[in-house]
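Residue numbers (numbering that gives the first Met the number 0), protein chains in the order written: chain D, 0 to 365; chain A, 0 to 365.
We put the beta carbon where it would ideally sit given N, CA and C, even for glycine.
If you're wondering where the values come from, they're calculated on a predicted model, not measured in any experiment.
Number of protein chains: 2
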Amino acid sequence: MNSGQGPDRRESRLRSLRDRLHDERIDGLLVSHPPDIRYMSGFSGSSGLLLIEPGLATLFTDFRYEEQARGEVGESISLVIASDGLFDSLAERLSERPPGSRIGFDPAATSVQDRSELERRCGTAIWDPVSGAVAELRTIKDPGELGHIEKAVQVAETAFDETLGRIRPGMSEQEIAADLIHALRIAGSGPLPFEPIVASGPRSALPHAFPGPRVAERGDLLLLDFGARVGGYCSDLTRVMVFGPAQPWQRDLHEAVNEACLRAIASARDGIPACEVDAAARDFLGELGLADRFGHSTGHGIGLEVHEAPRVHKREDRPLVAGNVVTIEPGVYVPGRGGVRIEQDVVIEAGGRRTLGRSSTNLIEL
Amino acid sequence: MNSGQGPDRRESRLRSLRDRLHDERIDGLLVSHPPDIRYMSGFSGSSGLLLIEPGLATLFTDFRYEEQARGEVGESISLVIASDGLFDSLAERLSERPPGSRIGFDPAATSVQDRSELERRCGTAIWDPVSGAVAELRTIKDPGELGHIEKAVQVAETAFDETLGRIRPGMSEQEIAADLIHALRIAGSGPLPFEPIVASGPRSALPHAFPGPRVAERGDLLLLDFGARVGGYCSDLTRVMVFGPAQPWQRDLHEAVNEACLRAIASARDGIPACEVDAAARDFLGELGLADRFGHSTGHGIGLEVHEAPRVHKREDRPLVAGNVVTIEPGVYVPGRGGVRIEQDVVIEAGGRRTLGRSSTNLIEL
Chain D
0 MNSGQGPDRR ESRLRSLRDR LHDERIDGLL VSHPPDIRYM SGFSGSSGLL LIEPGLATLF
60 TDFRYEEQAR GEVGESISLV IASDGLFDSL AERLSERPPG SRIGFDPAAT SVQDRSELER
120 RCGTAIWDPV SGAVAELRTI KDPGELGHIE KAVQVAETAF DETLGRIRPG MSEQEIAADL
180 IHALRIAGSG PLPFEPIVAS GPRSALPHAF PGPRVAERGD LLLLDFGARV GGYCSDLTRV
240 MVFGPAQPWQ RDLHEAVNEA CLRAIASARD GIPACEVDAA ARDFLGELGL ADRFGHSTGH
300 GIGLEVHEAP RVHKREDRPL VAGNVVTIEP GVYVPGRGGV RIEQDVVIEA GGRRTLGRSS
360 TNLIEL
Chain A
0 MNSGQGPDRR ESRLRSLRDR LHDERIDGLL VSHPPDIRYM SGFSGSSGLL LIEPGLATLF
60 TDFRYEEQAR GEVGESISLV IASDGLFDSL AERLSERPPG SRIGFDPAAT SVQDRSELER
120 RCGTAIWDPV SGAVAELRTI KDPGELGHIE KAVQVAETAF DETLGRIRPG MSEQEIAADL
180 IHALRIAGSG PLPFEPIVAS GPRSALPHAF PGPRVAERGD LLLLDFGARV GGYCSDLTRV
240 MVFGPAQPWQ RDLHEAVNEA CLRAIASARD GIPACEVDAA ARDFLGELGL ADRFGHSTGH
300 GIGLEVHEAP RVHKREDRPL VAGNVVTIEP GVYVPGRGGV RIEQDVVIEA GGRRTLGRSS
360 TNLIEL
C-alpha cells in the first residue's frame, strides 16, 4: 500500500500548490499549521515552518527535531535547523529574496502576534493572506491516505471489540476509558486523535462528556465516542450499548438515530451539496418530532485532523466530492435521561459512498 | 483542599483583570484561549468565548456544552448559549454597548482571520491588542492550583512505579507507552497533558521521540517523559533507566545530567532571573564539555497547560517569583548512542524552592 507520504505524492502536492501560487501571483507561501506542514513535507514534529517557493521548499525546525526531520522530509525539501528561533531563520532566508516579494500566509493559522512579528522581522516582503490553500488539497484523500484512515477505523473497531469483552456494570466511566485507551494503543494506534467520550446513564445526554467518576449501572445507556490514529490519520466512531435488556424508550431512541444515520449515509455521493446529507438525517428526525434534540451538525471531514474540511452542515451548500472522507454522526439527547449518537466514517466515491469498517451499529445489550 | 476553581478565587481573578482593564482604559476584554477561559470562569469545554466587562462577565458557548457550562461557571458569570456561532452572539451582545467602546483581545490567541471577523461583525467596537493579561495572572499559582499540580505529580509517580513493575526487555516502546498511559489513567489522571515520550537505546538521543515499534533490549537506556492531569492541571516528569547493569558511559552521562538538574534546582528562588537557573545547569555541563549536547532550554512553567510562562531560558532575564511552578529538565544527547534527560517539577517559594513529589532521580537498573 502506498504510504501517502512518499516522494511522488509529495511532488504532486507541491505542484498543485505552486500552480495556485502562480495563479494568485504569489512568490512564496508560508505554511505554519502543523498538519499542513506534515501533508506537504512529511515532517510530523510540532515545531516547524515550511516555505514553499516556485523552485524550492524549505523546512525550518529546531535542534530537538533535527534527526526526525532528516528521516521524514526526503530530498525534495531542504532543511534548516534554526539556532535562534524559527522566525529568525525564516527572516534570514527571506532577506535573500528581492524586496517586495509577495509571500502568502494562512490567516486562520497565523495569530495576530505572529503576523506582526513576520512584518517586523521580514519587512522587505509583502505579506498576503492566502486562505486554506493546503486545507483544500487535504479534502481529497489519495489511496495512501485512505489506506491509513481505513486502518485507523480497523484499529478502533478491534479496540472496541476488546473493550466490550471487559466492561460490565460497576465500572466507572474513567475505568472504562482507561481500558478503551489501552486497547486502542495495543491495537496499533499512535497518539489518540481525541480524548474518548465515555458517558453512562443520563450523562449520555451530554454530547461532549469527558469520562468521569460515575459508575455505570444495570439499565444504563453507555455511549463511547473514540478514534485511533495510524500514520498520522484519524478515525472517529461512536457506538451505544445498554447494560441489560434495552428499555422501550432506549430502543426507540436508538432506532431513530440509526435510521437517521443510514439515511444520511445513503444520500452521500459525489456532487451532492453537504447540506442535503445533513438534511437527510435532520428531516427524518424532524418527522419523529426529535429535530430540536439534534443540536449539532451531521458530520465533518477527517484526515490528519479529526475535524477538518468539509463540514456536513445544514448551511454548507458546497458539494461533497469523490475522495472526501467524512463522519456521519446524528444524535438525539434527552436531558436527564440519556442520549444516543451513532457515528460512521464514510468515503465519498464517484457513484456513491463506502462506509469504512465492518462493525455493526445495532444497539448492543451487554 | 481548595479546588482553585471556587467562587472566591474566581472573584479575585476577575478583580485583578478588571484593575488592568481600568489601567489600560479598556472597556472590556475578550478571552478566547481555552485555558485562559477555564482559569477565569471554570468552564472547561473546548468551544467558548468569555467577555469580561467592569460589571459583568459573560461566557458564550454552544448547545453541546450547555449543561456542563451551567455546572461549571457559577453565579458570577452569565451564560449565553449561541444558536448561530459564538461570534454572532458576541456581536449581538457588543451591539448593546456605546459605539467606540474599546475591547481588548489577545493577539497571541487570536488568528488574523478571527480578528477580521471580529471587526466585520462587531464594527462599532475598537479592537485593541492586550497581550498576556490572563497568562500573567496564571504564572502565580494559588494554594488550590498548587494542590492540583502536586496531586498530578503524585499520580504520575504512582503510574511510573506501577509501570516499572511491568516493563522488561523484549517490549516495544509502543507497548511500554500503552502500559504507562493505562497506569496514568487508572491512577487518576484526566486527559493526558501530552503524548508520553518512550525512547529506548539510541532513540533516547532524540529529545522528542514518540514511542515507536523499536523493541527495548538488554543494555539499552530507556527514557520516559510523561505527565498526568488532575483538575485540569499538569505534571511533567522525565526518568531514565537501563535494562541490566549500567555501562560506565551510561552512568557518567546520567550523573552529569542529574548533577546539572540538582544545581539548577538549588539555584532557583524568588527573585532570581530565570536565565541564571538555566546557567546553573548549562555552565556545569559546559565544564564537562557537554554544553553543545544540551540544545534545549532548562525548563518551562506548568499549570493548566504543560508549556506556559515563565520560561527557564538562557535569554529570559525576568525573575522567577514565589508561586511560579516550573520544570527543571536538563538533557544531554549523544547521536547514535543515547541520551539522558532528568525532569523535576518545582514550586518557587520566598526563601527558595520545593521539589514536588517524592521519587528519586537516580539511575534505575532493571
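(message) Let's test the definition: count the other Cβ atoms within 10 Å of the Cβ of His299(A) and tell me whether it reaches 16, buried, or not, exposed.
(response) That one is buried.
(message) Taking 8 Å as the limit between beta carbons, can you name the residues of its chain near Ala136(D), skipping five residues before and five after?
(response) Note on residue identity: the sequence assigns Leu, not Ala, to residue 136(D). Within the same chain, Leu136(D) has close Cβ partners Arg12, Ser15, Leu16, Tyr38.
(request) Please confirm if Arg292(A) has its CB atom under 7 Å from at least one CB of chain D. (result) Closer than 7 Å: no.
(request) Show which residues of chain A have a CB atom less than 8 Å away from the CB atom of Ala108(D). (result) Residues of chain A passing the Cβ test: Ser110.
(message) Any contact between the stretch 320-328 of chain D and the stretch 342-354 of chain D? By contact I mean 3 or more CB pairs, one from each, below 8 Å.
(response) The stretch 320-328 of chain D is in contact with the stretch 342-354 of chain D.
(request) Please decide whether Ser2(D) counts as near chain A, where near means a Cβ-Cβ distance under 7 Å. (result) Summary for Ser2(D): the model assigns pLDDT 43, below 50, so the residue's position carries little reliability, and this model does not support an answer.
(request) Check distances from the C-beta atoms of the stretch 275-289 of chain D to those of chain A and list, in chain order, the residues that come in under 7 Å. (result) So the list is empty, because no residue satisfies the distance condition.
(request) Determine, using beta carbons only, whether His207(A) comes closer than 7 Å to chain D. (result) His207(A) counts as touching chain D.
(request) Ignore the nearest five residues each way along the sequence and tell me which others in Asn257(D)'s own chain have a CB closer than 7 Å to its CB. (result) Closer than 7 Å at Cβ, skipping near neighbours: Ile341, Thr360.
(message) When you compare the CB of Ala177(A) with every CB in chain D, is at least one pair closer than 7 Å?
(response) Yes, because at least one Cβ of chain D sits closer than 7 Å to the Cβ of Ala177(A).
(request) Just the C-alpha distance for Ile25(A) and Ile196(D), rounded to the nearest angstrom, thanks. (result) Inter-residue distance for Ile25(A) and Ile196(D) is about 40 Å (C-alpha atoms, whole angstroms).
(request) Answer with yes or no whether the minimum CB distance from Phe62(A) to chain D is below 7 Å. (result) Taking a beta-carbon distance threshold of 7 Å, Phe62(A) counts as an interface residue toward chain D.
(request) Go through its chain and collect everything with a Cβ distance to Gly200(D)'s Cβ below 6 Å, but skip five positions before and after it. (result) Once the five neighbours on either side are set aside, the close Cβ partners of Gly200(D) are Asp219.
(message) Residues of chain D with CB closer than 8 Å to the CB of Gln67(A), please, in chain order.
(response) From the beta-carbon of Gln67(A), the residues of chain D found nearer than 8 Å are Leu205, His207, Ala208.
(request) Only counting runs of 3 or more residues, tell me where the beta strand (DSSP E) segments fall wholly within the stretch 188-222 of chain A, in order along the chain. (result) DSSP runs (the beta strand (DSSP E)) wholly in the stretch 188-222 of chain A: 196-199.
(message) Please state the DSSP three-state secondary structure of Thr162(A).
(response) Thr162(A) carries a helical assignment under DSSP once its states are collapsed to helix, strand and coil.
(request) Please report the residue range of the beta strand (DSSP E) in which His299(D) lies. (result) Unbroken beta strand (DSSP E) run through His299(D): 298-300.
(message) If the criterion is Cβ atoms closer than 7 Å, does the pair Gly337(D) and Phe62(A) meet it?
(response) No.
(request) Please name the residue, chosen from Asp18(A), Gly211(A), Gly27(A), Leu145(A), that lies closest to Pro97(A) on a Cα-to-Cα basis. (result) Gly27(A) is the residue among Asp18(A), Gly211(A), Gly27(A), Leu145(A) whose C-alpha sits nearest the C-alpha of Pro97(A).
(request) Kindly indicate the opening and closing residues of the beta strand (DSSP E) around Leu81(A). (result) Strictly speaking, residue 81(A) in this sequence is Ala, with Leu absent from that position. Annotation: the continuous beta strand (DSSP E) that includes Ala81(A) extends over 77-81.
(message) Between the stretch 159-177 of chain D and the stretch 202-211 of chain D, can you find at least three pairs of beta-carbon atoms closer than 8 Å?
(response) Put simply, the stretch 202-211 of chain D touches the stretch 159-177 of chain D. At least three CB pairs are less than 8 Å apart.
(message) Judging by CA-CA distance, which residue of Ser46(D), Pro34(D), Leu55(D), His21(D) is the nearest neighbour of Glu10(D)?
(response) Looking from the CA of Glu10(D), the closest CA among Ser46(D), Pro34(D), Leu55(D), His21(D) belongs to Leu55(D).
(request) Please compile the residues from chain A whose C-beta is within a distance smaller than 8 Å of the C-beta of Arg114(D). (result) Here the neighbours are Val111.
(message) Using 7 Å as the threshold, is the C-beta distance between Ala259(D) and Ala280(D) below it?
(response) It is a contact, given that the beta carbons lie within the stated cut-off.
(message) Comparing C-alpha positions only, which one of Ala155(D), Thr60(D), Pro309(D), Glu23(D) sits nearest to Gly103(D)?
(response) The residue with the shortest Cα to Cα distance from Gly103(D) is Glu23(D).
(message) Please list, in chain order, the chain A residues whose beta carbon lies closer than 7 Å to that of Glu194(D).
(response) For Glu194(D), the chain A residues whose Cβ falls inside 7 Å of its Cβ are Pro190, in order along the chain.
(message) Comparing C-alpha positions only, which one of Phe193(A), Trp248(A), Lys313(A), Leu261(A) sits nearest to Ser45(D)?
(response) Selected option, being the one with the closest Cα: Phe193(A).
(message) Along the chain, where does the alpha helix (DSSP H) containing Ile264(A) start, and where does it finish?
(response) Where Ile264(A) is concerned, the enclosing alpha helix (DSSP H) stretches over 247-266.
(request) Count the other CB atoms, across all protein chains shown, that sit within 10 Å of the CB of Glu364(A); report buried if there are 16 or more and exposed otherwise. (result) Classification for Glu364(A): exposed.
(request) From the DSSP output, read off the bridge partner residues of Leu50(D). (result) Looking at the DSSP output, Leu50(D) bridges to Leu29(D), Thr57(D).
(message) On a Cα-Cα basis, can you pick out the residue from Thr237(A), Ala215(A), Ser40(A) that is closest to Phe225(A)?
(response) Closest by alpha carbon: Thr237(A).
(request) Would you check if the distance between the CB atom of Gly166(A) and the CB atom of Ala263(A) is smaller than 7 Å? (result) According to the sequence as given, residue 166(A) is Ile; it is not Gly. No. Outside cutoff.
(message) By the DSSP assignment, the alpha helix (DSSP H) with Ala308(A) in it spans what residues?
(response) No alpha helix (DSSP H) holds Ala308(A); the beta strand (DSSP E) holding it covers 307-311.
(request) Would you kindly report the start and end of the unbroken alpha helix (DSSP H) that includes Ile180(D)? (result) Per DSSP, Ile180(D) is one residue of the alpha helix (DSSP H) stretching across 172-185.
(request) Have a look at His306(D), Leu362(D), Arg119(D) and flag the residue whose alpha-carbon is nearest the alpha-carbon of Ser234(D). (result) Here the closest residue by C-alpha is His306(D).
(request) Could you pull out every unbroken alpha helix (DSSP H) segment of at least 4 residues lying fully inside the stretch 109-148 of chain A, listed in chain order? (result) You should have 111-120, 132-137.
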